[in-house]
Amino acid sequence: MTIRLLLRKRFRKLTANSKGFSSVIGTTFMVLVMMFLSTSVFMWTLSQNTLYNEAIREKNQLESDVLSENVQVTNTTYVVVSDNNVKVSTDITNPGSLGVQFTTLWAYASNATYTGYNFANLSNVNVKGGANLFLSVNMTIAGLRPTGAYSFASWLITGRGNVVPLQKATSSYTNIVTSNTTQGIGALMMDFQNFTYYVVNASKYLNPYPSGYNAYYIQNARTSNIAFKVFLTNFDQDKRDITLTNGSELFIIYPSRGNALSDIWYIVNVDGTTGKIQDSFSSLTLRYNQQTPVYFASSQRGNTVPATSSLTPSQVPAIGAVNLALVGTIGDIPFGQNIPFVSIEVAS
Amino acid sequence: MKLKGIECLDMDLRKVWKLLHERRAVSTVVSSVILTGAVIAVSFVVLFWAQYRSSAYNAQYSEAMNADIAKLKERLAFEYVFYNSSAKNLSVYIMNCGRINKTSVQTVYVSNATWFFRFSSINLKFLNGNNATGLDMGEEGYFVLPFVSPSDSLVTGKSYSIKIITGRGSTFDHTFIA
Numbered sequence: 019m020t021i022r023l024l025l026r027k028r029f030r031k032l033t034a035n036s037k038g039f040s041s042v043i044g045t046t047f048m049v050l051v052m053m054f055l056s057t058s059v060f061m062w063t064l065s066q067n068t069l070y071n072e073a074i075r076e077k078n079q080l081e082s083d084v085l086s087e088n089v090q091v092t093n094t095t096y097v098v099v100s101d102n103n104v105k106v107s108t109d110i111t112n113p114g115s116l117g118v119q120f121t122t123l124w125a126y127a128s129n130a131t132y133t134g135y136n137f138a139n140l141s142n143v144n145v146k147g148g149a150n151l152f153l154s155v156n157m158t159i160a161g162l163r164p165t166g167a168y169s170f171a172s173w174l175i176t177g178r179g180n181v182v183p184l185q186k187a188t189s190s191y192t193n194i195v196t197s198n199t200t201q202g203i204g205a206l207m208m209d210f211q212n213f214t215y216y217v218v219n220a221s222k223y224l225n226p227y228p229s230g231y232n233a234y235y236i237q238n239a240r241t242s243n244i245a246f247k248v249f250l251t252n253f254d255q256d257k258r259d260i261t262l263t264n265g266s267e268l269f270i271i272y273p274s275r276g277n278a279l280s281d282i283w284y285i286v287n288v289d290g291t292t293g294k295i296q297d298s299f300s301s302l303t304l305r306y307n308q309q310t311p312v313y314f315a316s317s318q319r320g321n322t323v324p325a326t327s328s329l330t331p332s333q334v335p336a337i338g339a340v341n342l343a344l345v346g347t348i349g350d351i352p353f354g355q356n357i358p359f360v361s362i363e364v365a366s
Numbered sequence: 003m004k005l006k007g008i009e010c011l012d013m014d015l016r017k018v019w020k021l022l023h024e025r026r027a028v029s030t031v032v033s034s035v036i037l038t039g040a041v042i043a044v045s046f047v048v049l050f051w052a053q054y055r056s057s058a059y060n061a062q063y064s065e066a067m068n069a070d071i072a073k074l075k076e077r078l079a080f081e082y083v084f085y086n087s088s089a090k091n092l093s094v095y096i097m098n099c100g101r102i103n104k105t106s107v108q109t110v111y112v113s114n115a116t117w118f119f120r121f122s123s124i125n126l127k128f129l130n131g132n133n134a135t136g137l138d139m140g141e142e143g144y145f146v147l148p149f150v151s152p153s154d155s156l157v158t159g160k161s162y163s164i165k166i167i168t169g170r171g172s173t174f175d176h177t178f179i180a
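In order, the protein sequences belong to chains A and B. The first sequence begins at 19 in the working numbering and counts up one residue at a time. The second sequence begins at 3 in the working numbering and counts up one residue at a time.
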């Protein structure tokens, strides 16, 4: 008997014998059922785990972004502009790579008898990575008075939930002393070592620009149009901006010439690059602790009509007392200061 | 040819007659059919039962997984905590900076090294004063915790911890000075 015949005989016997057939079917069913169920459960569990891992990855990314936010907020100033209102100004620097969105500014004010705080919602205050932003916000804090002295603290909230404290303007010991000194006579300080005059030509250019001449000894003031330059620094203790308006003037009194003889030069704007006097005057802002050149060249307020000395040939040389009569605003309130202590000799 | 066909038909009819009237081995066939049917029926029952059980397991697992994912996405930032010593209440300003909406505050604990106080009914409000059941993404809100009993009031200038338990069970801590 060949193997083929043997196999055929066994197969015929297997198919002819129905005993145990149901067990085969049952077992097959069971195996299929178990495979189907276990596969579906496994695949579904896998998808759930994927969702969970995705959520963990998202959270880690969020945490990483929160930790990567690197913002510096400096030079913060507080000005109580009116009852219940404070103006908070600050410089924001984002040296990090992530852009930062600011949502809320909080401020806290207190003194011996008062405590108050409030918040201001910010919209569209975004600082890209590596960018700077000057932020100025008017906030309402109930109970604040412009005449009061307060200690302020403030902080910014970012969209990712970080809290960024606002740091006040740094001031050195020298600045404090200067500020305390100027508190008695006014917030503006003049640099007495750099007092310069120029000759103004027909095209309203300053000569020689930018060096000029030492203004303590002036020649040809009677025959030439003259412009003066002084350097002023804002040392306001509350670190507010000072804005000079067109009424600001430099005037010289000649006491030895009698009858209160005087000359006036009104404030002008000068192009810092070319040294040309601008045709119209726009208010000049002096930021805290920044030395700023201020020019006086016009014989008329708000205009650019060149000015000369009114001294006659017989009146020169003459000694004059120079005064800076400065007017404008400090913060949002009127401001005025007269800076004396400068005397010059007009030689010719 | 015609005769041969009639003979074949006659032989087939005889086989059917014999099959219908032959009783031997009938019970074996019937029992095999019944047994096979029963096995198939039981198999389907087992299939449906197993599927029902696995669906229940799936639903339970899915619920737990979604809850965990929602917890992971929750994040609260403390904007400001202010203790009013005269009114003896603590104002807590928070922001939902997470990635999921409807973040509610369930319980709040205020504590220091030797003392703690639990607040379970929190009246969460938006910053404009309207009541809020929860904070959506990016929204800010606050709640006020009253310290009614003098023995439970905070000491100004001292450091305290505050822990918020959200409705989903996440916890967020913060330290403040009263």
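Even glycine gets a Cβ: it sits at the ideal position worked out from N, Cα and C. Owing to the predicted nature of the structure, the values given are computational and were not obtained by experimental measurement.
Exercise for review: Reducing DSSP to helix, strand and coil, say where S133 (chain A) ends up.
Suggested key: The identity of residue 133 (chain A) in the sequence shown is Thr, whereas the question assumes Ser. Strand at T133 (chain A).
Practice item. For the region 291 to 306 of chain A and the region 268 to 281 of chain A, state whether three or more C-beta atom pairs, one from each stretch, are separated by less than 8 Å. Key: no
**Study point:** Selection of the region 56 to 83 of chain B by Cβ proximity to chain A, strictly under 7 Å
**Key:** S56, N60, Y63, S64, M67, D70, I71, L74, K75, R77, A79, E81 and Y82
Point to revise | N- and C-terminal bounds of the beta strand (DSSP E) containing S93 (chain B) | key: N91 to N98
Check your understanding: So who's on the other strand from K127 (chain B), going by DSSP bridges?
Key -> B:N133 and B:Y144
Review point. Quick one: Cα of L356 (chain A) to Cα of L151 (chain A), how far?
Key: In the sequence as presented, Leu is not what sits at residue 356 (chain A); that position holds Asn. If I take the Cα positions, the gap works out to 34 Å.
Practice item. Tell me where the beta strand (DSSP E) around V99 (chain A) begins and ends. Key: Going by DSSP, V99 (chain A) is part of the beta strand (DSSP E) stretching over Q90 to S100.
Point to revise | Sufficient close CB pairs (3 or more, under 8 Å) joining the region 63 to 72 of chain A to the region 61 to 80 of chain B | key: The region 63 to 72 of chain A is in contact with the region 61 to 80 of chain B.
Review point. Relative to the alpha-carbon of P335 (chain A), which residue among A:A239, A:T131 and A:Y168 has its alpha-carbon at the smallest distance?
Key: A:A239
Review point. Out of curiosity, what's the CA-to-CA distance linking N156 (chain A) and A205 (chain A)?
Key: 23 Å
Exercise for review: Can you grab the Cα-Cα spacing for the pair N264 (chain A) / Y284 (chain A), in whole Å?
Suggested key: 7 Å
Exercise for review: Output yes or no for whether 9 Å exceeds the beta carbon distance between L162 (chain A) and T108 (chain A).
Suggested key: With contacts defined as CB atoms closer than 9 Å, L162 (chain A) and T108 (chain A) fail to qualify as a contacting pair.
Exercise for review: Give, in chain order, every residue of the region 90 to 113 of chain B whose Cβ lies closer than 7 Å to some Cβ of chain A.
Suggested key: M97, C99 and R101
Check your understanding: CB-CB under 7 Å to A167 (chain A), same chain, minus the five flanking residues each way: which ones, in chain order?
Key -> N129
Practice item. Would you verify that the beta carbon of R30 (chain A) is, or is not, closer than 9 Å to some beta carbon of chain B? Key: no
Check your understanding: Under three-state DSSP, which class holds M48 (chain A)?
Key -> M48 (chain A) falls in the helix class under three-state DSSP.
Exercise for review: Kindly indicate which three-state DSSP category K17 (chain B) falls into: helix, strand or coil?
Suggested key: helix
Practice item. State yes or no: is the beta carbon of T177 (chain B) nearer than 9 Å to at least one beta carbon in chain A? Key: no
Exercise for review: Name the two residues that bound the continuous beta strand (DSSP E) containing L302 (chain A).
Suggested key: Its beta strand (DSSP E) spans residues L302 to L304.
Review point. Taking C-beta to C-beta, are F170 (chain A) and V99 (chain A) nearer than 9 Å?
Key: no
Practice item. Please classify A315 (chain A): is it buried, with 16 or more other beta-carbons within 10 angstroms of its beta-carbon, or exposed? Key: buried
Practice item. For the region 122 to 148 of chain B, enumerate the residues whose C-beta is nearer than 9 Å to any C-beta of chain A, in chain order. Key: L129, G140 and E142
Review point. Just reading off the beta strand (DSSP E) that T108 (chain A) is part of, what are its end residues?
Key: N103 to T111
Exercise for review: Within 10 angstroms of the Cβ of A125 (chain A), are there 16 or more other Cβ atoms? Answer buried if so, exposed if not.
Suggested key: buried
Point to revise | Touching by the beta-carbon criterion (3+ pairs, under 8 Å), the region 171 to 179 of chain A and the region 308 to 326 of chain A | key: no
**Study point:** Where S190 (chain A) falls: helix, strand or coil (DSSP)
**Key:** Legend: pLDDT at S190 (chain A) = 38, less than 50; position of this residue unreliable, value from coordinates given subsequently. It is coil, neither helix nor strand.
Review point. Taking Cβ positions only, does M53 (chain A) come closer than 9 Å to chain B?
Key: Under the Cβ criterion of 9 Å, M53 (chain A) is not counted among the residues facing chain B.
Review point. Since A171 (chain A) sits in a beta bridge, which residues does DSSP pair it with?
Key: A:Y126
Check your understanding: Counting Cβ pairs, one atom from each stretch, are 3 or more of them under 8 Å apart for the region 48 to 61 of chain B and the region 44 to 63 of chain A?
Key -> Yes: the two stretches touch, three or more of their Cβ pairs being nearer than 8 Å.
**Study point:** Limits of the unbroken beta strand (DSSP E) element including G354 (chain A)
**Key:** I351 to V364
Point to revise | As assigned by DSSP and simplified to three states, the class of G346 (chain A) | key: strand
Exercise for review: List the residues of chain A whose Cβ lies closer than 7 Å to the Cβ of S49 (chain B), in chain order.
Suggested key: Per the sequence shown, residue 49 (chain B) should be read as Leu rather than Ser. Residues of chain A passing the Cβ test: V51.
**Study point:** Selection from B:F46, B:T168 and B:M67 that minimises the alpha carbon distance to T68 (chain A)
**Key:** B:M67
Exercise for review: May I ask you to list, following chain order, the residues of the region 29 to 40 of chain B that have a beta carbon less than 8 Å from some beta carbon of chain A?
Suggested key: T30, V31, S34, L37, T38 and A40
Review point. So which residues on chain A does A52 (chain B) lean against when the C-beta distance must stay under 7 Å?
Key: V51 and L55
**Study point:** Segment contact, 8 Å Cβ cut-off, at least three pairs: the region 131 to 145 of chain B with the region 34 to 49 of chain B
**Key:** no
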